[in-house]
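Please read the structure below before turning to the comments.
Residue numbers (my numbering): 53 to 763.
Following this line, the structure appears as structure tokens:
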């Protein structure tokens, strides 16, 4: 019996044409086909029709063809040649993805909103009043930009008590004492790991390897930002417990206190490696919440895929291993977004308590985290305008109000500093978004739109010129993850058109919001795109890439016979992961490592010369580095020579005031600073000149050794 409806079934071209007419043809649910009429009774099984065999074959090639086009497009765009051709390849891939979704190639969607009965926001009035009161006391005692014992007690107490005032049910960890008692009464350890848990742990282990592999060597040398960080750490060690560190245009404190804790409590060395280890650890600890967030928006395979890709990718790896505070933004954003999405889906008030806590903690991590409330506002708006919120929109506003209050309570010390030291706290932001430091090069709106376009295309085109965090001229994502991200964008957009799930739209729209910290660099457009300021976008970007990779796995399990499913799925998904892992490892260790060695000064070699002098014939106070534009940071040389906090700089106008002393003196000069070298020779005619040859061309330096009158 022939299905008459099949004769008028719309084609994929009809579907895309309907989109252009703004009257889209309804898309069937994933994993479904157009309903067929009941088959006519037959007495025996018949062979599949030719039409069915063709349909199955097409389902098996649509996704690989889309992937192939996307891979070619991404490789081509990264070369910056024949742009129109490769954009066309991406458009072709998008059409194939749309066709595959429309035809149900990816199977049924795993994640769907969990519907629970909504309840009015509840709170304990006594706890709430006590918590707010303690927050006020914390604000009042946080003056002079200083953490004090009293302010810490008030602050931590306000967080715990305010959170308790809104927490419903058992408190986290309330069963731990009983478990400890049972363990002490009958000591036994039960560890149960199924196959899935082992797979997750294996992926986490691979990510850990990528974060810490050759960390001592890549990057090899520090730059001036690190000298500023060490001065802040020294301040803490010396008892100056600042809330916000005003040095070097202002810095948030979380990284510095974590580093001091590692030095004091765990015996870590006062070194560049310790700085890098702390930030790499922050990058690693982002992964569990990346898994949980991905699982919330697309199922456990999406969570695993997102964590795996985040673990190996160049962008998050580099911002985690440079020893600066950049990795603390995604570290705190991931749990904030996870608890918020879970709270809206499950309508659980406790999740919004946790959301607020992580949003508040973000202001102590990195400047770009100040955009997080806008991301939460976007999520709330999208949730409210979708049908899923019908009947409990007031409760939703109450939950966000709870999160906002907790965020404010957690941010109280920072808010006090932001009021007392407005110029310091907002200096870097204002000098980027306005003409506070230099005039804007054009109309603000035009500059912003140009910047936003540059930021949006960084995933496929150009990651910018910030050489300390990127490979200039290269995309932010390698060709495999880049293709998966754009594949996932199309898939997520079509998924939204089909199901109207607000989370899908949030994933897409949150990216430009999280790119605002880099796109708003109106006064310094050359700083855009900036890998660290755009770091928050890592979370939705890799969630979307994870959706793509997980969907490809589901495609392999939906469209092939049982004996071929695992082979094709493991071969395709595993192959893409392996190729991407090798590519990204090479980008970080070889390419980025070489770029850093070529671009940073050989302060370590200079420090070795200083140490050789101080351990043989001289003293550290007789070592001087003659200042020269765009040269070594004298503070780093002193630090690496074992004198943290010291500065051996000598300004050229101070040379004439020098006098010959009894002990030897060592002067270090830029190789092109012939004028000051001649002045030293005239001042101390008995000295010895030596040129120290560096491994990298253009990094040589000169020393002038004055023996001293007793020599």
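Glycine included, C-beta positions come from ideal geometry on N, C-alpha and C.
All figures in this text were calculated on a predicted structure; none of them were measured in a lab.
(request) Determine contact between the segment 504 to 521 and the segment 530 to 546, defined as no fewer than three beta-carbon pairs at a distance below 8 Å. (result) Taking a cut-off of 8 Å on C-beta distances, the segment 504 to 521 touches the segment 530 to 546, as three or more cross pairs fall below it.
(request) Quick one: measure Cβ to Cβ for residue 148 and residue 118, integer angstroms, because I've assumed they're closer than 8 Å. (result) As a first step, residue 148 must be located in the chain shown, where it is residue number 96. As a first step, residue 118 must be located in the chain shown, where it is residue number 66. Approximately 4 Å separates the beta-carbon atoms of residue 148 and residue 118; this is inside 8 Å, confirming the contact.
(request) Return the Cβ separation of residue 469 and residue 477 in integer angstroms, given the expectation that the two are a contact with Cβ distance under 8 Å. (result) Indexing the chain shown from 1 puts residue 469 at position 417. Indexing the chain shown from 1 puts residue 477 at position 425. Confirmed, Cβ separation roughly 6 Å.
(request) Using the Cα positions of residue 500 and residue 324, report the straight-line distance between them to the nearest angstrom. (result) Locating residue 500 in the chain shown gives position 448, counting from the first residue. Locating residue 324 in the chain shown gives position 272, counting from the first residue. Each residue's Cα considered, the two are about 36 Å apart.
(request) Assign residue 59 to buried or exposed, taking buried as 16 or more other Cβ atoms, counted over all protein chains shown, within 10 Å of its Cβ. (result) Position 7 of the chain shown, counting from 1, holds the residue named residue 59. Note that residue 59 has pLDDT 46, beneath the 50 cutoff, so the model's placement of it is unreliable and no number is given.
(request) Drop a sphere of 10 angstroms on the beta-carbon of residue 132, count the other beta-carbons inside from all chains shown, and report buried for 16 or more, exposed for fewer. (result) Numbered from 1 along the chain shown, position 80 holds the residue referred to as residue 132. Taking all protein chains shown into account, residue 132 has fewer than 16 neighbouring C-beta atoms within 10 Å of its C-beta and is therefore exposed.
(request) Give the secondary structure of residue 444 by DSSP, where H, G and I count as helix, E and B as strand, and everything else as coil. (result) Residue numbering aside, residue 444 sits at position 392 when the chain shown is read from its first letter. Reduced to three states, the DSSP call for residue 444 is coil.
(request) Buried or exposed for residue 390, please, with buried defined as at least 16 other CB atoms from any protein chain shown within 10 angstroms of its CB. (result) To locate residue 390, count along the chain shown from 1; it is residue 338. By the beta-carbon neighbour count (other beta carbons within 10 angstroms, threshold 16), residue 390 is buried.
(message) Can you tell me whether residue 592 sits near the ligand NAD, meaning its C-beta is under 8 Å from at least one heavy atom of the ligand?
(response) This structure lacks the ligand NAD, and indeed carries no ligand of any kind.
(request) Could you check if residue 426 is buried or exposed, using at least 16 other CB atoms within 10 Å of its CB as the buried criterion? (result) The residue labelled residue 426 in the question sits at position 374 within the chain shown. With fewer than 16 Cβ atoms within 10 Å of its Cβ, residue 426 is classed as exposed.
(request) Could you give the DSSP three-state label for residue 89: helix, strand or coil? (result) The count along the chain shown starts at 1 and reaches residue 89 at position 37. Per-residue confidence for residue 89 stands at a pLDDT of 40, beneath the threshold of 50, marking its modelled position as unreliable; no derived number is given.
(message) Assuming residue 741 is part of the beta strand (DSSP E), what are its boundary residues?
(response) For the purposes of this step, residue 741 is identified with residue 689 of the chain shown, where counting begins at 1. For residue 741, the enclosing beta strand (DSSP E) covers residues 740 to 744.
(message) Just list the residues that DSSP pairs residue 701 with in beta bridges.
(response) Sequence index remark: in the chain shown, residue 701 carries index 649 (1-based). Paired residue(s): 677.
(request) Name the two residues that bound the continuous alpha helix (DSSP H) containing residue 764. (result) Since the first residue of the chain shown is 53 and the last is 763, residue 764 is not available in this structure.
(message) Quick check on residue 303: does DSSP put it in helix, strand or coil?
(response) Mapped onto the chain shown, residue 303 falls at position 251. The answer is strand: DSSP assigns residue 303 an E or B state.
(request) Leaving aside the five residues before and after residue 644 along the sequence, list all residues of the same chain whose C-beta is less than 7 Å from its C-beta, in chain order. (result) Along the chain shown, one-based indexing puts residue 644 at 592. Excluding the 5 residues flanking it on each side, residue 644 has same chain C-beta neighbours closer than 7 Å at 270, 370 and 523, in chain order.
(message) Measuring CB atoms only, is the segment 590 to 609 touching the segment 537 to 552, in the sense that at least three cross pairs come out at less than 8 Å?
(response) Yes, they touch.
(request) Flag this pair as yes or no: are the beta carbons of residue 770 and residue 396 separated by less than 9 Å? (result) As shown, the chain starts at 53 and ends at 763. That puts residue 770 outside it, with no answer to give.
(message) Output needed for residue 735: all residues of its chain with C-beta closer than 7 Å, excluding positions within five of it in sequence on either side, in chain order.
(response) Residue mapping note: residue 735 aligns to position 683 of the chain shown, counting from 1. Around residue 735: 707 and 710.
(request) Check whether the Cβ atoms of residue 401 and residue 173 sit closer than 9 Å, and answer yes or no. (result) Along the chain shown, one-based indexing puts residue 401 at 349. Along the chain shown, one-based indexing puts residue 173 at 121. Yes, the Cβ-Cβ distance between residue 401 and residue 173 is below 9 Å.
(request) Confirm, please, whether the CB-CB distance from residue 679 to residue 703 is below 9 Å. (result) For the purposes of this step, residue 703 is identified with residue 651 of the chain shown, where counting begins at 1. For the purposes of this step, residue 679 is identified with residue 627 of the chain shown, where counting begins at 1. At the C-beta level, residue 703 and residue 679 come within 9 Å of one another.
(request) Have a look at residue 603 and residue 158 and give me their C-alpha separation to the nearest angstrom. (result) Taking the chain shown and counting its residues from 1, one reaches residue 603 at position 551. Taking the chain shown and counting its residues from 1, one reaches residue 158 at position 106. One C-alpha to the other measures close to 6 Å.
(message) One question on the structure: do residue 423 and residue 568 come within less than 9 Å of each other, judged by their Cβ atoms?
(response) Position 371 of the chain shown, counted from the start, is the residue given in the question as residue 423. Position 516 of the chain shown, counted from the start, is the residue given in the question as residue 568. In contact: residue 423 and residue 568 (Cβ atoms closer than 9 Å).
(message) Taking the alpha-carbon of residue 755 as reference, which of 712, 689, 661 and 669 has the nearest alpha-carbon?
(response) In the chain shown, residue 755 corresponds to position 703, counting from 1. Answer by Cα proximity: 661.
(message) Could you give the first and the last residue of the continuous alpha helix (DSSP H) run that contains residue 342?
(response) As a first step, residue 342 must be located in the chain shown, where it is residue number 290. Looking at the DSSP string, the run of the alpha helix (DSSP H) that includes residue 342 is 324 to 350.
(message) So, with DSSP's three-state summary, where would you put residue 294?
(response) Your numbering for residue 294 matches position 242 in the chain shown. In this structure, DSSP gives residue 294 an extended state, which the three-state scheme calls strand.
(request) Report buried or exposed for residue 418, applying the criterion of at least 16 other Cβ atoms within 10 angstroms of its Cβ. (result) In the chain shown, the residue the question calls residue 418 occupies position 366. Per the 10 Å Cβ criterion, buried.
(message) I'd like to know if residue 522 contacts chain B, where contact means its C-beta is closer than 9 Å to some C-beta of that chain.
(response) You won't find chain B in this structure, because it holds only one protein chain.
(message) Only counting the same chain, and skipping five residues up and downstream in sequence, which positions put a Cβ closer than 7 Å to that of residue 733?
(response) Here residue 733 refers to the residue found at position 681 of the chain shown. Within the same chain, residue 733 has close Cβ partners 739.
(message) With three or more beta-carbon pairs closer than 8 Å as the criterion, would you say the segment 271 to 281 touches the segment 361 to 378?
(response) Yes: the two stretches touch, three or more of their Cβ pairs being nearer than 8 Å.
(request) Could you give the DSSP three-state label for residue 492: helix, strand or coil? (result) Along the chain shown, read from residue 1 onward, the residue named residue 492 stands at position 440. In the three-state scheme derived from DSSP, where H, G and I count as helix and E and B as strand, residue 492 is classed as coil.
(message) Taking a contact to mean a Cβ-Cβ separation below 9 Å, would you say residue 366 touches residue 580 in this structure?
(response) If you number the chain shown from 1, residue 366 lands on position 314. If you number the chain shown from 1, residue 580 lands on position 528. When the beta-carbon positions are compared, residue 366 and residue 580 stay at least 9 Å from each other.
(message) Taking its Cβ as the centre, do 16 or more other Cβ atoms sit within 10 Å of residue 613, making it buried, or is it exposed?
(response) What you label residue 613 is simply residue 561 of the chain shown in a count that begins at 1. Residue 613 comes out exposed.
(message) Buried or exposed for residue 446, going by 16 or more other Cβ atoms inside 10 Å?
(response) The residue you call residue 446 lines up with position 394 of the chain shown. Classification for residue 446: exposed.
(message) Checking the sheet assignment: what are the DSSP bridge partners for residue 718?
(response) Residue 718 sits at position 666 when you count from the first residue of the chain shown. Residue 718 pairs with 675 and 757.
(request) Please state if the CB of residue 677 and the CB of residue 639 are separated by a distance shorter than 9 Å. (result) Position 587 of the chain shown holds residue 639. Position 625 of the chain shown holds residue 677. No. Outside cutoff.
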